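The block underneath contains the structure these notes are about, expressed in C-alpha cells.
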Amino acid sequence: MCGIVGYIGNRESQPILLEGLKKLEYRGYDSAGIAVFTEQGLEVTKTVGRLANLEGRLQGDPLRGTVGIGHTRWATHGKPSDVNSHPHMDNTLKFSVVHNGIIENYLELKEELMHQGHRFLSETDTEIISHLIAVEYEGDIVKAVQKAVRKMRGAFALGVLTEYEPDRLVAVRYASPLIIGIGEGEKYIASDIPAILEHTRDIYILNDGEMAVLTRDGVELMTVEGNPIAKDVFHVDWDLMTAEKAGFDHFMLKEIHEQPKAYRDTMRGRLSDDGKSVSLTELSITPEQLRAINRVHIVACGTAMHAGLVGKTIIEQLARVPVETDVASEYRYRSPIITPETLVIVVSQSGETADTLAALREAKRNGARVLAITNVVGSSVAREADDVIITLAGPEIAVASTKAYTSQLIAFYLFGLHYAQVLGTQDEAFVSHVLAAMQSLPEQVEKILSQAEVIKKIAESISRHANLFFIGRGLDYAVALEGSLKLKEISYIHSEAYAAGELKHGTLALIEEGIPVISLITQEDLQEKTLSNIKEVKARGADVFAVVNEGNEAEIAKSVDSLFAIPRTLPLLTPALSVVPLQLLSYYASLALGHDVDKPRNLAKSVTVE
Ligand code: AGP
Numbered sequence: 005m006c007g008i009v010g011y012i013g014n015r016e017s018q019p020i021l022l023e024g025l026k027k028l029e030y031r032g033y034d035s036a037g038i039a040v041f042t043e044q045g046l047e048v049t050k051t052v053g054r055l056a057n058l059e060g061r062l063q064g065d066p067l068r069g070t071v072g073i074g075h076t077r078w079a080t081h082g083k084p085s086d087v088n089s090h091p092h093m094d095n096t097l098k099f100s101v102v103h104n105g106i107i108e109n110y111l112e113l114k115e116e117l118m119h120q121g122h123r124f125l126s127e128t129d130t131e132i133i134s135h136l137i138a139v140e141y142e143g144d145i146v147k148a149v150q151k152a153v154r155k156m157r158g159a160f161a162l163g164v165l166t167e168y169e170p171d172r173l174v175a176v177r178y179a180s181p182l183i184i185g186i187g188e189g190e191k192y193i194a195s196d197i198p199a200i201l202e203h204t205r206d207i208y209i210l211n212d213g214e215m216a217v218l219t220r221d222g223v224e225l226m227t228v229e230g231n232p233i234a235k236d237v238f239h240v241d242w243d244l245m246t247a248e249k250a251g252f253d254h255f256m257l258k259e260i261h262e263q264p265k266a267y268r269d270t271m272r273g274r275l276s277d278d279g280k281s282v283s284l285t286e287l288s289i290t291p292e293q294l295r296a297i298n299r300v301h302i303v304a305c306g307t308a309m310h311a312g313l314v315g316k317t318i319i320e321q322l323a324r325v326p327v328e329t330d331v332a333s334e335y336r337y338r339s340p341i342i343t344p345e346t347l348v349i350v351v352s353q354s355g356e357t358a359d360t361l362a363a364l365r366e367a368k369r370n371g372a373r374v375l376a377i378t379n380v381v382g383s384s385v386a387r388e389a390d391d392v393i394i395t396l397a398g399p400e401i402a403v404a405s406t407k408a409y410t411s412q413l414i415a416f417y418l419f420g421l422h423y424a425q426v427l428g429t430q431d432e433a434f435v436s437h438v439l440a441a442m443q444s445l446p447e448q449v450e451k452i453l454s455q456a457e458v459i460k461k462i463a464e465s466i467s468r469h470a471n472l473f474f475i476g477r478g479l480d481y482a483v484a485l486e487g488s489l490k491l492k493e494i495s496y497i498h499s500e501a502y503a504a505g506e507l508k509h510g511t512l513a514l515i516e517e518g519i520p521v522i523s524l525i526t527q528e529d530l531q532e533k534t535l536s537n538i539k540e541v542k543a544r545g546a547d548v549f550a551v552v553n554e555g556n557e558a559e560i561a562k563s564v565d566s567l568f569a570i571p572r573t574l575p576l577l578t579p580a581l582s583v584v585p586l587q588l589l590s591y592y593a594s595l596a597l598g599h600d601v602d603k604p605r606n607l608a609k610s611v612t613v614e
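With the first letter of the sequence shown counted as 1, position 125 gets the number 129 in this note's numbering; the numbers rise by one all the way through.
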C-alpha cells in the first residue's frame, strides 16, 4: 500500500510532509518523494529507498513553500527506482500527482497519450494520471481531475496540485483510502490517520467516488461527478499506535480483516473486461512454452508452502499437469529431477527467504523456467524469476502470515485457470463459472469476519489445552496444515495437522479424553469419510470443533461438539474461506494466553538466513 500526505496552509510544508510520511512507514515502502509549490513553481524531489535518502536530498536543497504533497511508494507497476517514485508530473511540469492504487487500463491510456505526443519517464501507471489531467485542463483543476478520473478504471486515491492554481489541493478517493484533515487555516490529506494525527483529530473520511477541494480556509466535498455532498466531521480519539492499526488491537487482526480487499486487489486487472476469462498480461511465458511443460514443482517455506499445497490441487484439477510440492530447504539439497520441461513455481511473501531463493537458483541452474508468486515487487525472488505474479495484499506486518497466504491462493487460482485456458483442459463456461465464484469470495470472507465472536469463544476454550489436532482430507488437509502452523506460531500450543484417513495408522494413540480436534469438512465428496474419522476420535473422548459448509450444520452437528459454517462456494475455492476461521482461532487463542500476537517469540517475518 502506498502512503499519501498533502498540506495546504501557512507553515512550511516540507517538514509536515516528511513527518507525515514517517508515520506511514509501517505500511511498507520502497521509495518516497514530495512536490511543493516554491517560488520557482511546482518542484519535486523523490528518491528510491528509505525516507532518510529523501531527507538527505532535501538537506542541501530544501523545497520551501506552504503547499505540497508527499508519497511513500509500495511498488505494483515498475520496479523501485528514483524515476518510478512519486510524485509524478506531466511534460509541462505544471501538474503533479501522488497515487495509491492500481489503474487497470493504464496501458491503453498511455498508448493514447503517446499518440498525442506525450513522453513518459517511468514504468508506472501513476504517471499517466498527471498527463490525463494536463490534457483536460481548461482553467479549472477540479473539472480537469473529474474528466481524467472518468477515463480511469481501477483503484485510486489521488492528491493533485497544479501550478496554475497554487491555492487549491485536490483529493480523490476510489477504492483506496483517503482522509481530509481539518485545521485552523490549514488542511491536510492522508492515506491514513497516523500521518496527520499530531496536527488535527478532526477529519472527513472520503468514500469511494468522492473528492475534496482543499483551500486554507475550507474543504469543498463532492462526488467525482461534481455533486456537492455534506459530511459529519469524524473526531479521532485513538493514540498513534492504535491509529497505525486502523483501530485494531494488532496488525494480525487488521491484516485478517484486510483480506477481502487483498482478494479484490489481487484479482483486479487480471480478468478479461467481461470477467469471464483470466488475463495475466504480466506473464512472459508463451502458450507454446506452457504447452511444452510436462511437470510443475511448487517450492516454498512455511505458510507459503501451505499455499503451494492448495496450488498443487488447483493446477492438477484445472490443467491436469502433474505437480510436485516440496519445502525449499529440502528441495535445494535433494538434487531434484529438473528438466527444461519443468515449470518451478516459488512462493514467497517477502521474496527474500533464503531457502526459497536458493531453490529458485537450483531450478534455474537446471534449466527450468521459474514463476514466482510474491508480495514484494523488486524482491530478490521477483527479480530472479522468469515470470512473476505479484500478490497485491499490501505490506504484511504481523509475523504470522494471513492476507499474504490467501492472496497466494488467489494467485494460484488465476494461474491455474490461465493454464487451463492455454491447454484447453477447461471450457470457457467453466472458467467463467469459477471466476464468478471467485468474485464472491471477498464478501463471503466479510461474512465470516462478522461472526468472529463465535470463533473467539472456541479459541478461549482450546487455549487451555497443551496439545490438539487439526484433521481434514484433500484440500481440507492442506488448510489444516496452515491452521495448525498459525496456532503453533502465535499461541505456542502444540498442534498437529493430520490427514484424517491416517489417524488410525498411529496417531489415534494420542487421542484421549477432552483433547480438542479441529476438523475441516468442506470437501463434501469426502464428507462421509471424514465423519467416520471424527467418530473414531469422538469414541476416544476428543472434543471436536468442525468447520463446515453452510447448509450442512444440522447433519454434522450430530457428530461434533461445536461447529462453524462458512458460506458455500466451489469445493476448489473453499480454502480461501475455510482458513479464515482458523486464522481467527489462532489469533484469539494467542490473545487469551497473553502472547505478543504480532511478534511471536523466536520468529522473524522474513527468514533471510538458512
Ligand atoms: C508465516 O505465518 C510464517 N511466519 C512463515 O512460515 C513464513 O510463511 C515463511 O517463513 C515463508 O516466508 P515467505 O513467504 O516470506 O517466503
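Backbone N, C-alpha and C fix where the C-beta goes; we use that ideal spot for every residue, glycine too. Nothing here was measured: the structure is a model prediction, and the numbers come from that model.
If I measure Cβ to Cβ from L201 and keep anything under 8 Å in the same chain, skipping five residues before and after, which residues do I get? As a working note, residue 201 is residue 197 in the sequence shown. Excluding residues within five positions, the ones whose Cβ falls inside 8 Å are K27, V240, W242, L244, A247.
Using a threshold of 7 Å, state whether the C-beta atoms of E559 and A569 are closer than that. Here residue 559 is taken as the residue at index 555 of the sequence shown, counted from 1. Here residue 569 is taken as the residue at index 565 of the sequence shown, counted from 1. The answer is no: Cβ separation not under 7 Å.
Taking D269 as part of the alpha helix (DSSP H), name the residues at either end of that continuous run. Here residue 269 refers to the residue found at position 265 of the sequence shown. 263-271 is the extent of the alpha helix (DSSP H) around D269.
In terms of alpha-carbon separation, which member of L136, R154, A179, G7 lies closest to T166? Taking the first residue of the sequence shown as position 1, residue 166 is located at position 162. Answer by Cα proximity: L136.
Measure the CB-CB distance between A159 and S180 and report whether it falls below 7 Å. Here residue 159 refers to the residue found at position 155 of the sequence shown. Here residue 180 refers to the residue found at position 176 of the sequence shown. It is a contact, given that the beta carbons lie within the stated cut-off.
Relative to the alpha-carbon of D221, which residue among T128, E450, Y192 has its alpha-carbon at the smallest distance? Along the sequence shown, read from residue 1 onward, the residue named residue 221 stands at position 217. The candidate whose alpha carbon is nearest that of D221 is Y192.
Is it the case that the Cβ atoms of E486 and V583 are separated by a distance below 7 Å? Residue numbering aside, residue 486 sits at position 482 when the sequence shown is read from its first letter. Residue numbering aside, residue 583 sits at position 579 when the sequence shown is read from its first letter. Closer than 7 Å, so yes.
Could you check if G60 is buried or exposed, using at least 16 other CB atoms within 10 Å of its CB as the buried criterion? Here the question's residue 60 lines up with position 56 in the sequence shown. When all chains shown are included, G60 counts as exposed.
Could you tell me whether the region 147-154 touches the region 114-126, using the rule of 3 or more Cβ pairs below 8 Å? no
Alpha carbon of T526 to alpha carbon of I197, nearest angstrom: Here residue 526 refers to the residue found at position 522 of the sequence shown. Here residue 197 refers to the residue found at position 193 of the sequence shown. Cα-Cα distance, rounded: 40 Å.
Would the C-beta of G621 count as close to the ligand AGP, meaning under 6 Å from any of its heavy atoms? A question about residue 621 goes unanswered here, because the residues of the chain that appear run from 5 up to 614.
To which residues of the same chain is L225 closer than 6 Å at the C-beta, ignoring the five residues directly before and after it? Counted from its first residue, the sequence shown places residue 225 at position 221. Excluding residues within five positions, the ones whose Cβ falls inside 6 Å are A216, I233, K235.
Evaluate the contact criterion for the region 344-362 versus the region 599-612: three or more CB pairs, one atom per stretch, below 8 Å. yes
Grouping DSSP H, G and I as helix and E and B as strand, with all else coil, what is F99? As a first step, residue 99 must be located in the sequence shown, where it is residue number 95. Three-state result, F99: strand.
Reference L313, options F549, V48, R477, closest by Cα: Working through the sequence shown from its first residue, we reach residue 313 at position 309. Of F549, V48, R477, the residue nearest in Cα terms is R477.
So is the beta-carbon of Q412 under 6 Å away from any non-hydrogen atom of the ligand AGP? Here residue 412 is taken as the residue at index 408 of the sequence shown, counted from 1. Incorrect: Q412 has no Cβ contact closer than 6 Å to the ligand AGP.
Nearest by alpha-carbon distance to V176: which of A194, E169, S499, P170 is it? Along the sequence shown, one-based indexing puts residue 176 at 172. Selected option, being the one with the closest Cα: A194.
Taking 6 Å as the line, does the beta carbon of V348 fall inside it for any heavy atom of the ligand AGP? Position 344 of the sequence shown holds residue 348. No, the ligand AGP has no heavy atom inside 6 Å of this Cβ.
Taking buried to mean at least 16 other C-beta atoms within 10 Å of its own C-beta, is Y337 buried or exposed? To locate residue 337, count along the sequence shown from 1; it is residue 333. By the neighbour-count rule (16 or more Cβ atoms within 10 Å), Y337 is not buried but exposed.
Sorry if obvious, but does the Cβ on A404 come closer than 6 Å to a heavy atom of the ligand AGP? Residue mapping note: residue 404 aligns to position 400 of the sequence shown, counting from 1. Correct: A404 has its Cβ closer than 6 Å to the ligand AGP.
Per-residue DSSP class, three states only, for P446: Working through the sequence shown from its first residue, we reach residue 446 at position 442. If DSSP states are grouped into helix, strand and coil, P446 belongs with the helices.
Once the 5 residues before and after S411 are set aside, which same chain residues still bring their CB inside 6 Å of it? Within the sequence shown, residue 411 is the residue found at index 407, counting from 1. So the list reads A266, T270, T395, A397, once near-sequence residues are dropped.
Using CA atoms only, rank isn't needed, just tell me which of E345, G306, V174, L58 is closest to I289. For the purposes of this step, residue 289 is taken as residue 285 along the sequence shown, with counting starting at 1. With distances taken between Cα atoms, I289 lies closest to E345.
For the beta strand (DSSP E) that contains M226, what are its first and last residues? Counting from one through the sequence shown, the residue named residue 226 turns up at place 222. 222-227 is the span of the beta strand (DSSP E), which, as asked, contains M226.
What are the complete beta strand (DSSP E) segments, minimum 3 residues, inside the region 345-396? 346-352, 373-378, 391-394
So is L46 buried or exposed if we call it buried at 16+ other beta carbons inside 10 Å? Position 42 of the sequence shown, counting from 1, holds the residue named residue 46. L46 comes out buried.
In this structure, how does DSSP classify F252 when only helix, strand and coil are distinguished? As a first step, residue 252 must be located in the sequence shown, where it is residue number 248. Coil.
Quick check on the burial criterion: 16 or more other C-beta atoms within 10 angstroms. Buried or exposed for K508? By 1-based counting over the sequence shown, the position of residue 508 is 504. Exposed, since its Cβ has fewer than 16 Cβ neighbours within 10 Å.
With distances taken from CA atoms, which of N298, L322, S499 is nearest Q430? What you label residue 430 is simply residue 426 of the sequence shown in a count that begins at 1. Among N298, L322, S499, the Cα nearest to that of Q430 is on L322.
In terms of alpha-carbon separation, which member of F124, H599, D129 lies closest to H103? Counted from its first residue, the sequence shown places residue 103 at position 99. Nearest of F124, H599, D129 to H103, Cα basis: D129.
Does the contact criterion of 3 or more C-beta pairs under 8 Å hold for the region 276-286 versus the region 421-428? yes
Which class does E140 belong to by DSSP, given the choice of helix, strand or coil? To locate residue 140, count along the sequence shown from 1; it is residue 136. Note: E140 maps to helix in three-state DSSP.
Just confirm the distance between the C-beta atoms of L427 and R295, as a whole number of angstroms; I'd bet it's less than 8 Å. Taking the sequence shown and counting its residues from 1, the one referred to as residue 427 is at position 423. Taking the sequence shown and counting its residues from 1, the one referred to as residue 295 is at position 291. Indeed, because the Cβ distance is near 7 Å, the residues count as touching under 8 Å.
Cβ of G24 less than 7 Å from any chain D Cβ? Chain labels in this structure do not include chain D; a single protein chain is all it has.
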